[in-house]
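Numbering that gives the first Met the number 0 puts the sequence shown at residues 0 to 280. The beta carbon of each residue, even a glycine, is placed where N, CA and C say it ideally should be. Quantities reported herein were computed from a predicted structural model and do not represent experimental measurements.
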Amino acid sequence: MTPAPEVDLDFPREWYEFADPADPEHVINADLTWLCSHWTCVFGTPACQGIVDGRETDGCCTHGAYLSDKDDRKRLAKGVAMLTADDWQFHKKGSGKDPLGPRGYLVEDELDDEPALKTRQHKGACIFLNRPDFERGPGCALHAMALRRGLEPLTVKPDVCWQLPVRREQDWVERPDGTQILKTTITEYDRRGWGEGGHDLKWYCSGSPDAHVGATQVWQSYEPELVELIGRPAYEALADACRRRNGLGLIAIHPATRAATSRRDTDIKYELLDTDADAAG
């Protein structure tokens, strides 16, 4: 399919700031324009153009994923230990005892001029990416395995993989009276989030009307992820605000949601793709 033009990076947004019900020293600033949008992952459908030219079926999995910390590495190791050859096309290539060995799934790299670990690339994309010719279907082996086992995918995937394209920023802020609070901002991880290289991506879903076709809004479809990022009490307060804002009518609707010409009946996150499926966008 011919992709719809992506929207500009700068447009009006609505924000809702509130105190975390579980912690008065924690304030959350939520981007309602993003959270009330109908963005959804469209991997495995004609709508997904991929981020690298010529590798459309990779989606956003071409480069591999950087790990954020030790907890991230432990979570991934737990997920890898659960994978079998039936789940993972490259099980023989990446399931060695040493994750950094020749049959491992990690490599040493650099991120922001600091040493970092990332998932290994194999045959041009992340080693965990099952390709379209895999008998159990394309997509992230970890994600599909989690669905088959009745687990939330975020419990086995690297942080960056389950968070995108939601962006969380945290800063300590000093108030005029000298007190400090932790301020968490929840917003869209757009092209700029990737730095200068973000502008070179062939296509990026968060700004594409072709990906703003979700059956539900982001605050609903990403409930597990948002709970993990801000906690259950804060999520419930956020959800209540989104419901009330929808009832009043959002002023700054995401332009990609406004430009979308269709709406899916379901959200792909909880669907298992198969080799014969040609899902509609």
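Distance CB(residue i)-CB(residue j) smaller than 8 Å
i, j, result
"arginine 72", "threonine 61", "no"
"aspartate 57", "leucine 110", "no"
"glutamate 253", "histidine 211", "In the sequence on display, residue 253 carries histidine and not glutamate. Contact: yes."
"glutamine 48", "tryptophan 202", "yes"
"arginine 74", "alanine 251", "no"
"glycine 123", "leucine 272", "no"
"leucine 31", "tryptophan 14", "yes"
"cysteine 40", "isoleucine 267", "yes"
"leucine 105", "lysine 117", "yes"
"glycine 246", "histidine 37", "no"
"glycine 194", "glutamate 5", "no"
"alanine 145", "proline 137", "no"
"glutamate 107", "proline 114", "yes"
"serine 67", "valine 155", "no"
"alanine 82", "alanine 18", "Per the sequence shown, residue 82 should be read as leucine rather than alanine. It is not a contact, given that the beta carbons lie outside the stated cut-off."
"leucine 204", "tryptophan 218", "Checking the sequence, you will find cysteine at residue 204 rather than leucine. No. Outside cutoff."
"leucine 200", "arginine 190", "yes"
"arginine 135", "aspartate 85", "yes"
"alanine 255", "proline 208", "yes"
Where residue i sits in the DSSP three-state scheme
i, result
"histidine 25", "strand"
"alanine 140", "helix"
"alanine 276", "Bear in mind that the predicted position of alanine 276 carries a pLDDT of just 44, short of 50, making it too unreliable to give a figure here."
"tyrosine 203", "coil"
"glutamate 5", "coil"
"tyrosine 221", "coil"
"valine 159", "helix"
"alanine 258", "helix"
"glutamate 151", "coil"
"tryptophan 33", "helix"
"threonine 56", "helix"
"tryptophan 282", "Nothing about residue 282 can be read from this structure; the chain reaches only from 0 to 280."
"glycine 246", "helix"
"arginine 263", "coil"
"glutamate 13", "coil"
"alanine 233", "helix"
"proline 45", "coil"
"cysteine 241", "helix"
"leucine 271", "coil"
"tyrosine 211", "Just to set this straight, residue 211 is histidine in the shown sequence, not tyrosine. Looking at histidine 211 - three-state DSSP - the assignment turns out to be coil, as it is neither helix nor strand."
"alanine 251", "coil"
"alanine 76", "helix"
Residues that DSSP places opposite residue i in a beta bridge
i, result
"glutamate 187", "Val165"
"valine 226", "Partner(s): none; valine 226 has no beta bridge."
"asparagine 129", "Gly138"
"glutamine 179", "Glu173"
"alanine 18", "Val26"
"tyrosine 284", "The structure shown has nothing for residue 284, since the chain only spans 0 to 280."
Proximity to residue i [Cα-Cα], best of the options
i, options, result
"glutamine 179", "Ile185, Glu134, Thr186 and Asp170", "Asp170"
"lysine 96", "Ala80, Asp86, Ala84 and Asp85", "Ala80"
"glycine 100", "Pro114, Lys69, Ile185 and Arg119", "Arg119"
"proline 157", "Met144, Tyr188, Ala64 and Lys91", "Ala64"
"leucine 237", "Pro20, Cys204 and Pro45", "Pro20"
"leucine 228", "Pro45, Cys241 and Gln162", "Gln162"
"threonine 184", "Leu66, Ala46 and Leu225", "Leu225"
"histidine 25", "Lys182, Asp7 and Glu173", "Lys182"
"alanine 3", "Arg263, Asp264, Glu270 and Ala259", "Ala259"
"alanine 46", "Ala84, Tyr188, Thr1 and Phe133", "Thr1"
"proline 164", "Pro23, Asp52, Met144 and Glu187", "Glu187"
"proline 23", "Tyr269, Arg242 and Pro232", "Pro232"
"glutamate 142", "Tyr269, Leu8 and Asp7", "Inspection of the sequence shows that residue 142 is occupied by histidine rather than by glutamate. Answer by Cα proximity: Tyr269."
"glycine 103", "Phe10, Asp86 and His121", "His121"
"threonine 215", "Ser261, Arg191, Arg190 and Lys69", "Ser261"
"alanine 29", "Arg166, Asp7 and Phe133", "Arg166"
"glycine 196", "Val51, Gly248, Phe10 and Ile27", "Val51"
The ligand ZN heavy atom lying under 7 Å from the CB of residue i
i, result
"glycine 93", "Among the ligands in the structure shown, none appear at all, so the ligand ZN cannot be discussed."
Which runs of the alpha helix (DSSP H), 4 residues or longer, sit entirely within the segment 79 to 123?
Within the segment 79 to 123, the complete alpha helix (DSSP H) segments of 4 residues or longer fall at 90 to 93, listed in chain order.
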